[in-house]
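Accompanying notes for the structure given below.
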Amino acid sequence: TTEASQADYNRIFGEYCEKYGEESARFLMETLHTWWKAYNRAGFIATGIPGAELAEERAREQARLVGSEYGWQYEEIPSDTSFFSRLLAGRWSPDEFVVAMPGEQIVPVYDDRVVTATSERQPIPPRAPHQRDPYLPRM
């Protein structure tokens, strides 16, 4: 991290302390503002879409700015739009897409496919009952 990003972190923590108290502020910071510590690079995916040069340049500069603010390495990743073209044109190879027909559902499979479509009804796991987080302020 850079001094600027640490200063931002400290400023936000101070604002949370004033608004919610120190204990809740610590919880909020751990929950909402530690994601950037898990990263070390900012990337820009260059698609080369014709007519989008200005938008690409703005996005490229934004990635560089974020990278410098957080002390991350900037990386430009070459790409193209062929995946999205196939998606929109309905050219869905089973190696790239999971297609669920009417009445099918997508379910996890614990292999290299990750998910698959099936007509066999699978139970949907129940959600955990909602419990109020004791660290968040009451509204």
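At the far end of the sequence shown sits residue 226, using this note's numbering, and the numbering has no gaps. A virtual CB, placed ideally from N, CA and C, is assigned to each residue, including glycine. In this text, all values refer to a predicted model and were calculated from it rather than measured experimentally.
Item                                                                                              : Value
As assigned by DSSP and simplified to three states, the class of alanine 150                      : helix
Range of the contiguous alpha helix (DSSP H) that encloses arginine 173                           : 169–176
Boundaries of the beta strand (DSSP E) in which phenylalanine 131 is found, first to last residue : 128–133
Helix, strand or coil at glutamate 143 [DSSP, three-state]                                        : helix
Glutamate 207 in three-state terms, based on DSSP                                                 : coil
Endpoints, alpha helix (DSSP H) assigned at glutamate 163                                         : From DSSP, glutamate 163 is part of no alpha helix (DSSP H) but of the beta strand (DSSP E) over 160–165.
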